[in-house]
Amino acid sequence: MYGKYFKQLRKKQDISLKDAAANVISTSQLSRWENGRSNISFETVINLLDNIHIRANEFIMYCKLNPTNSLTHKIFNAYQRKDITELKRLTLRQIKQSKISKNRFDLFLAVAAANFYFDLTNIRLISKFDILKVKSILSSTSYWNYYYISVWGNTLAFYDPTFNFKIASRILTILKNQTTLEFGTEYYTWCTILNALIRIIPENIELAKKLSLKINKVSIPNSFLSIRLKKIFMDIYIKYQLHESDKEELNKFFYSLENLQLIDLKNELEYFLSNTKMRN
């Protein structure tokens, strides 16, 4: 099922089968998976995604966020390409559609598209009233399936730290009590919780520490290596901001990522630091 989406993303970037499979699996194995003739492990998928420069949460969203809706894919692709002009056009179109249809899905997609645009430009295209409507729906949600987690995850930038903390706490309780989740849902859920933590840190470091401690009480699966490493980084960073450690710990962490050849993760976290106010 997921192989065909991998193939689509690979071809969009003109990456050959050989380059996509490099140092992970054989080209014949990759070809069989892309064409639905075999299965591969989750860890293998994660490693393959590195070869086509796609993060796991982006891949899962591409596969599962209403794949029959072509507008969703156009919005996602514009965001991935950082095509601000196209993303603005699609966002305004979707906002207009949500006003006409008064459909909940259209509203969710409008706010998500505006969130993507805000993430690239720091400009809010959608009204506070529409954001509050989605916030109200999420506040009253009791069944947190992939759909509602993706709505929250794709609109995080528009909420205050207290709200994101509250939703993250609810979902952590579900993760703690639920024994099994479909792999895509579980991975995306953990990505979203970490993204919420990242959002909270610059605005309320004490609340971020509180959420981090809550996360520690729930076991992140060993197979989710990048998430586990990102959580370790966030813990070191929070301690540093609270004067509980020095900058040397951060430097050592980045040095370890280099040794492990996790350059994409290192770049992602360095980008976070460059856009976050560090203590003196």
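Take UniProt numbering: the last position of the sequence shown gets the number 280, and nothing is skipped along the way. By construction, the Cβ of each residue, glycine as well, lies at the ideal position given by its N, Cα and C atoms.
Check, Outcome
"Host alpha helix (DSSP H) of Lys102 (start-end)", "First-last for Lys102: undefined, no H or E at that position."
"Nonlocal neighbours in the same chain, by C-beta distance under 6 Å from Asn39, ignoring five residues either side", "none"
"Span of the alpha helix (DSSP H) around Leu156", "Where Leu156 is concerned, there is no enclosing alpha helix (DSSP H), given that its DSSP letter is neither H nor E."
"The segment 128–145 in contact with the segment 84–92 per 3-pair CB rule at 8 Å", "no"
"Cβ-Cβ distance between Glu34 and Lys7 below 7 Å", "yes"
"With 16 other Cβ atoms within 10 Å as the buried cut-off, status of Gly36", "exposed"
"Burial state of Gln13 (16 or more Cβ within 10 Å)", "exposed"
"Endpoints, alpha helix (DSSP H) assigned at residue 282", "Because the chain here runs from 1 to 280, residue 282 falls outside it and cannot be looked at."
"Simplified DSSP state of Tyr2, which is helix, strand or coil", "helix"
"Local conformation of Ala22 per DSSP, three classes", "coil"
"Among Arg170, Phe158, Pro161, Leu125, the one whose alpha carbon lies nearest that of Thr141", "Arg170"
"Cβ neighbour criterion (16 or more within 10 Å) applied to Pro67", "Bear in mind that the predicted position of Pro67 carries a pLDDT of just 46, short of 50, making it unreliable; the figure below should be weighed with that in mind. The residue is exposed, with fewer than 16 neighbouring Cβ atoms inside 10 Å."
"Sequence ranges, alpha helix (DSSP H) only - wholly within the segment 168–255, length at least 4", "183–200, 205–216, 225–241"
"Residue of Leu17, Ile126, His243, Leu250 minimising C-alpha distance to Ser31", "Leu17"
"Of the residues Asn251, Arg199, Tyr148, the one placed nearest Leu156, counting alpha carbons only", "Arg199"
"Exposure label - Tyr255; buried when at least 16 CB within 10 Å", "exposed"
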